[in-house]
Amino acid sequence: MLHRTAVVGALMLSTSALACDLTGLEHPLVFSPGESALPTSEILKLAEWDSQLKEDFHSGGKYRVRLREASEPASDPELAVLRLRSIQAVLDAVGIEGDKVESSEADTHLRAVEREGVAPKMPTAAYVVFQPDCQNPCCAGSAPAAPLAPSDKR
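Residue numbers (the numbering used here): 92 to 245.
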């Protein structure tokens, strides 16, 4: 019996620590060389990943989109812009859009190209990162729930 109590106690401690250590979940989207659009297989994997997140994290969360890109401006700027648009279109189609997205390098870079004439760098991959909303008071930005007011039962 003591052994079982110790195991249950250790499990409870490890679960609460896991809630504090969770820093986000990442899904890569990789372009085929020379292609302007993401492959269908990548889109399907993203949709499955996002569907699983919705099942696992009922309280929701926020997404961030990061890019891996060449270090120099793209030799084919049109292809670079098409890739940025492809990333945005795929995210919108899957439902990763609007206020669900905390930040998107794809969106920021596309606006810089279209509005400011910045020479784009060639994106080779995008990483969609999901940060679950955390209800645990140990998580950054969370506040513990206010205690219930004492009841006046007499």
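Even for Gly, the Cβ is constructed at its ideal location relative to N, Cα and C.
Looking at the structure shown, is residue i part of a helix, part of a strand, or coil, going by DSSP?
| i | result |
| --- | --- |
| A217 | strand |
| L201 | helix |
| E133 | helix |
Assuming residue i contacts residue j (C-beta within less than 8 Å), just tell me the rounded distance between them.
| i | j | result |
| --- | --- | --- |
| R159 | A216 | 4 Å |
| E196 | V156 | 6 Å |
| G152 | D224 | 5 Å |
| Y218 | E193 | Going by Cβ atoms, the distance from Y218 to E193 rounds to 14 Å, so no, they are not a contact pair. |
| L247 | L144 | Since the first residue shown for the chain is 92 and the last is 245, residue 247 is missing from the structure and cannot be characterised. |
Can you tell me whether residue i is buried or exposed, with buried defined as 16 or more other CB within 10 angstroms of its CB?
| i | result |
| --- | --- |
| K212 | buried |
| H200 | buried |
| L182 | buried |
| L135 | exposed |
| A161 | exposed |
| A184 | exposed |
| E188 | exposed |
| A210 | exposed |
| E133 | buried |
| A171 | buried |
Just checking: is the beta-carbon of residue i within a distance shorter than 8 Å of some beta-carbon in chain D?
| i | result |
| --- | --- |
| S177 | The structure shown contains no chain D; it holds only a single protein chain. |
To which residues does DSSP link residue i through a beta bridge?
| i | result |
| --- | --- |
| P124 | Per DSSP, none; premise fails for P124. |
| P119 | Y218 |
| P223 | G152 |
Exercise. Report the residue ranges of all beta strand (DSSP E) runs contained in full by the stretch 136 to 199; include only those spanning at least 3 residues, in chain order.
Key: 152 to 164, 192 to 195
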